[in-house]
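Same order as they appear, the protein sequences are chains A and B. So the first sequence is numbered by UniProt numbering: it starts at 1 and just counts up by one. So the second sequence is numbered by UniProt numbering: it starts at 1 and just counts up by one. Please read the structure below before turning to the comments.
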Amino acid sequence: YIYISHIKVLTGQLLRLSRFVYALDESKSFAVNMFKGQIATAQVFPFPKALNDEQEQFLRELVGPVSKFFEEVNDPAKNDSLEKVEDHTMEGLKEMGAFGLQVPADLGGLGLSNTQYARLVEIVGAHDLGVGITLGAHQSIGFKGILLFGNKAQKEKYLPKLASGEHIAAFCLTEPASGSDAASIKTTAVLSPCGKFYTMNGSKIWISNGGIAEIFTVFAKTPMKDPKTGETTDKITAFIVERSFGGVTSGPPEKKMGIKASNTAEVYFDDVRVPADCVLGEVGGGFKVAMNILNNGRFGMAAALSGTMKSVIIKAVDHAANRTQFGNKIHTYGAIQEKIARMTMLQYVTESMAYMISGNMDSGAAEFQIEAAISKIFASEAAWTVADESIQVMGGMGFMKDPGVERVMRDLRIFRIFEGTNDILRLFVALNGFQAGLSTGLTLQGSIHPELAQSGDLLNKCSEGELMERFDPSDEQFVLKRVADCAIDLYAMVVVLSRASRSLGQGHPSAQHEKMLCDTWCVEAYDRVVRDVKLLQSAQSKQLFNNMRSISAAVVENRGVVSPHPLGF
Amino acid sequence: MSGRVLVGVKRVIDYAVKIRVKPDHTGVVTDGVKHSMNPFCEIAVEEAVKLKEKKLIKEVVAVSCGPQQSQETIRTALAMGADRGIHVEVSGKDYDSLGPLQVSKILAALAKKEEAQLIILGKQAIDDDCNQTGQMTAALLDWPQGTFASEVSLEAEKIKVVREIDGGLETIKINTPAVLTADLRLNTPRYATLPNIMKAKKKKIANVKPADLGVDLTSRLEVLRVDEPPQREAGVKVETVEDLVAKLKDTGKI
């Protein structure tokens, strides 16, 4: 094996990463101690089994009808060209109970756990991401706040009609001037002198379901008086706002690159009277509410996209197995084989992450935000690559509308942007490190299957040691991006080691295939981590980052490329 | 007419699956293969549930004969609206040799036991394509039969059945109790909704053994060998009519 020699070379110079201690503008100091010590295995080994027999039996019964509905009733091409989910499909989804999957059964929902939800959302992702976003914007974020933070009265008032789909929900955070910088939102909610209601003013953009929702989870700035200092500051509060309150209007549907069936619109709040009992969570605690909602729903994206990748791979492989060129089926050619293998690995990792995280959440884990962020970044980028490569395998056919892969490609682009851009999430991952999973403790040995020992070794090598070195704050984001990439690769290695170990342990017929996926992934992931660390440790990196900073400054100043044309004009 | 309807539901290999013959040629591969309710049985269940919704009958009882997994099929019927289920346990060699004769004996015994007014079955199963169970059941009970039904209406003490036959459509009126078998165009089965699947969990499935019903499962048939259909061979092109006639003579066709 090639990587044995790598391990020997690196033994003396174990993988080290910076220990960063620095202050951020918000005067919070984060100590990032990535990859220090060894990985705590409690959450990752063995691969979580999060369903009891009854839950598994029930889930098995649900998979059939849901799949059937999407195969026979939903028409993704029609939804895409109409730029809306067909009416009879919406009705069918409502009757099916698809709008209240995680609402408790006594309030009209199906009371599914996260793992059960993930399995069904995977089916949706495999067929129609436009419908997926309509459902997700409604229940994964739209009214999730009521599930997580609502009081009894709010739950009983709102959840039944939301579960049946009679009311659609939307999550309203983004504004024209506030995207990633969510804390800077300007929508206001001012408490009346009598204290009975808030008056809300502002506008939100790019709200999924904005044009069709009745119930909105809205984030607005509420002026709050500090009892100690007497000073008034603006803090974010989350509100449940009903369109029927009056003053709530929405704009026309936005024209988009993809997920065209999903309604995206601006939502305006004009002197809307919001009763005080519509505050969700604590007054002034809205930012936390927003972050928790997004965090709680993130695993759903990885699950949905693992389904998308599966279905797109089927199309690519069908083509490769049937297309003959130069006298052979094209799947016999190395170029195609590498593409198919890479697509398969990316899907395997994504799927493993999705069910590891949902399993952890169902088992009661309190800290999973880093892993959830990693899974979102990984899944969205992996799916884009897989769709892209599937089109490539299919050649010209992939570019045509009929096979449907071009639509999937267009649908996928937004996944790297919304729900926290991957760029911001990388900073988040790097800054917070692997705190949940890291502690001085057990090593991986004894947890993974003996057949995977070599790959497990690679992971251990990555995890040991730290580098005591300070870095220039102006290089911050260049460094953090690479640190995050390492964290993502390491988590990916851990999840596939766990899953493949389980398959080998269970003597599954496909276990050897999974072992190959796992081993191949670990070799390449290890190489990437080594390469990134080497770069960060080198003096060259400073120069590189400086150069990139200067190039960017020049191009921005010039509002375009700076170099004169090779022809001189 | 009010009362109880028995609906037979069979667990078969899903219609979309590519069937493979077992290496020992004793049958087809079923292990790990996707199974679902026979499509014609779905139509039968739908018709029964519709009759109940119109308040023309009181209770729909879904029956399946087979191993443990047959209960999944009964659950699907319950999710579509059947009131309760009966699982007649047949497994192992008995299940391998289970055919229309045995099933019709079981259904006849159950119909008597449950005092059923109507038995609705699919016209045939997509795995064996026998198209015999409904007819045999009616004969054993000495009940009238309305087979290949594309339309069913209950009128007083009789049933009007429009049947799909080779020549077109035949309308008959039969007495109750009766056996009906569902053809493709009888109705479009509803989708089992997730809330109904949840409600179905509370519905009862009774377990019964064929011996309890006094039924002998011995088969009169023995399967000698199962083979895939022969591969379609390439055609042969000929230049002239004379060549064609010569070739046909050569291969003994004329």
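The C-beta atom is built at its ideal place from N, Cα and C for all residues, glycine as well.
Inset, instruction - Note down, in chain order, every chain B residue with its Cβ under 7 Å from the Cβ of M200/A. - result: Those within 7 Å of M200/A in chain B number zero; the least Cβ separation is about 35 Å.
Legend entry - Coil, strand or helix - F378/A by DSSP: DSSP, read as helix, strand or coil, puts F378/A in helix.
Legend entry - Range covered by the beta strand (DSSP E) that runs through P160/A: That residue, P160/A, is in no beta strand (DSSP E); its alpha helix (DSSP H) goes 152-164.
Inset, instruction - With residue 591/A as the anchor, note down where its alpha helix (DSSP H) starts and where it stops. - result: No answer is possible for residue 591/A: it lies beyond the span of chain A, which begins at 1 and ends at 569.
Legend entry - Contact belief for A316/A with I340/A at Cβ below 8 Å, rounded distance in angstroms: In this structure A316/A touches I340/A by the C-beta definition: roughly 7 Å separates them, less than 8 Å.
Inset, instruction - Return yes when at least one heavy atom of the ligand FMN lies under 8 Å from the C-beta of A82/B, else no. - result: Questions concerning the ligand FMN fall outside what the structure shown contains, since it holds no ligand whatsoever.
Legend entry - Alpha-carbon spacing of D216/B relative to K93/B, whole angstroms: Distance between the alpha carbons of D216/B and K93/B is about 14 Å.
Legend entry - Distance, A320/A Cα to G395/A Cα: Approximately 10 Å, taken between the alpha carbons.
Inset, instruction - Apply the 10 Å Cβ neighbour rule to H88/A and answer buried if 16 or more other Cβ atoms are within range, or exposed otherwise. - result: H88/A comes out exposed.
Inset, instruction - Verify whether the separation of the beta carbon atoms of F545/A and F478/A is less than 9 Å. - result: For F545/A and F478/A, yes; Cβs fall inside 9 Å.
Legend entry - Endpoints, alpha helix (DSSP H) assigned at W521/A: In the DSSP annotation of this structure, the continuous segment of the alpha helix (DSSP H) that includes W521/A starts and ends at 511-537.
Inset, instruction - Please list, in chain order, all residues of the same chain as S91/B whose beta carbon is under 6 Å from its beta carbon, the five residues on each side excluded. - result: Correct list, in chain order: P67.
Legend entry - Test item: CB-CB of G307/A and V124/A under 9 Å: Yes.
Legend entry - Member of A153/A, H513/A, V312/A whose CA lies at the smallest distance from the CA of M343/A: Closest option to M343/A, Cα to Cα, is V312/A.
Legend entry - Where I212/A falls: helix, strand or coil (DSSP): Coil at I212/A, not helix or strand.
Inset, instruction - Taking only the alpha-carbon atoms, compute the straight-line gap between G142/A and I74/B and give it to the nearest angstrom. - result: If I take the Cα positions, the gap works out to 37 Å.
Legend entry - CB contact check: K201/B to chain A, cutoff 9 Å: For K201/B, at least one C-beta of chain A is nearer than 9 Å to its own C-beta.
Inset, instruction - Answer with buried or exposed for E222/B, where buried requires no fewer than 16 other C-beta atoms within 10 angstroms of its C-beta. - result: Exposed, since its Cβ has fewer than 16 Cβ neighbours within 10 Å.
Inset, instruction - List the residues of chain A that A192/B touches, going by C-beta distances under 7 Å, in chain order. - result: Here the neighbours are P65.
Inset, instruction - Return the Cβ separation of R190/B and M80/B in integer angstroms, given the expectation that the two are a contact with Cβ distance under 8 Å. - result: With 8 Å as the limit, R190/B and M80/B qualify as a contact, their Cβ atoms being about 6 Å apart.
Inset, instruction - Note down, in chain order, each residue of its chain lying with its Cβ closer than 6 Å to the Cβ of I4/A, except the 5 sequence neighbours on either side. - result: Below a pLDDT of 50, predicted positions are generally treated as unreliable, and I4/A, at 33, falls in that range; the measurement from the model is reported next regardless. Once the five neighbours on either side are set aside, I4/A has no close Cβ partner at all.
Inset, instruction - Just mark G456/A as buried or exposed, buried being the case when its beta carbon has 16 or more other beta carbons within 10 Å. - result: Counting Cβ neighbours within 10 Å, G456/A comes out buried, since at least 16 surround it.
Legend entry - Identity of the residues DSSP links to C172/A by a beta bridge: Per DSSP, V218/A.
Legend entry - Where F47/A sits in the DSSP three-state scheme: In the structure shown, F47/A adopts coil according to DSSP, grouped into three states.
Legend entry - Own chain partners of G300/A with C-beta closer than 8 Å, once the 5 adjacent residues on each side are dropped: Within the same chain, G300/A has close Cβ partners Y117, A118, V121, G136, S140.
Inset, instruction - Determine which residues of the stretch 63-96 of chain A have a Cβ less than 8 Å from any Cβ of chain B, and write them out in chain order. - result: Of all residues in the stretch 63-96 of chain A, the ones placed with a Cβ closer than 8 Å to any Cβ belonging to chain B are G64, P65, V66, K68, F69, V73, G92, E95, M96, in chain order.
Legend entry - Nearest to K78/A (by Cα), restricted to the options E86/A, E71/A, E72/A: Taking K78/A as reference, the option from E86/A, E71/A, E72/A with the minimal CA-CA separation is E86/A.
Legend entry - Touching by the beta-carbon criterion (3+ pairs, under 8 Å), the stretch 53-71 of chain B and the stretch 558-567 of chain A: Touching, no.
Inset, instruction - Assign I551/A to one of two classes, buried (16 or more other C-beta atoms within 10 Å of its C-beta) or exposed (fewer than that). - result: So I551/A ends up on the exposed side.
Inset, instruction - Could you give the DSSP three-state label for D277/A: helix, strand or coil? - result: Correct three-state label for D277/A: helix.
Inset, instruction - With DSSP as the reference, label A31/A as helix, strand or coil. - result: The pLDDT assigned to A31/A is 22, lower than 50, so where the model puts this residue is not dependable, and the model offers no usable value.
Inset, instruction - Show which residues of chain A have a CB atom less than 8 Å away from the CB atom of I197/B. - result: Ordered by position in chain A, the residues that pass the 8 Å Cβ test against I197/B are F58, E61, L62, P65.
Inset, instruction - May I ask which residues mark the beginning and end of the beta strand (DSSP E) holding T249/A? - result: 248-250 is the extent of the beta strand (DSSP E) around T249/A.
Legend entry - Short CB-CB distance (under 9 Å) between A98/A and chain B: At least one CB atom of chain B sits nearer than 9 Å to the CB of A98/A.
Inset, instruction - Assess, as a yes-or-no matter, whether the stretch 63-70 of chain A is touched by the stretch 154-170 of chain B under the definition of 3 or more beta carbon pairs within less than 8 Å. - result: The answer is no - the stretch 63-70 of chain A does not touch the stretch 154-170 of chain B, with fewer than three Cβ pairs under 8 Å.
Legend entry - Under 9 Å between C-beta atoms of M291/A and V241/A: No.
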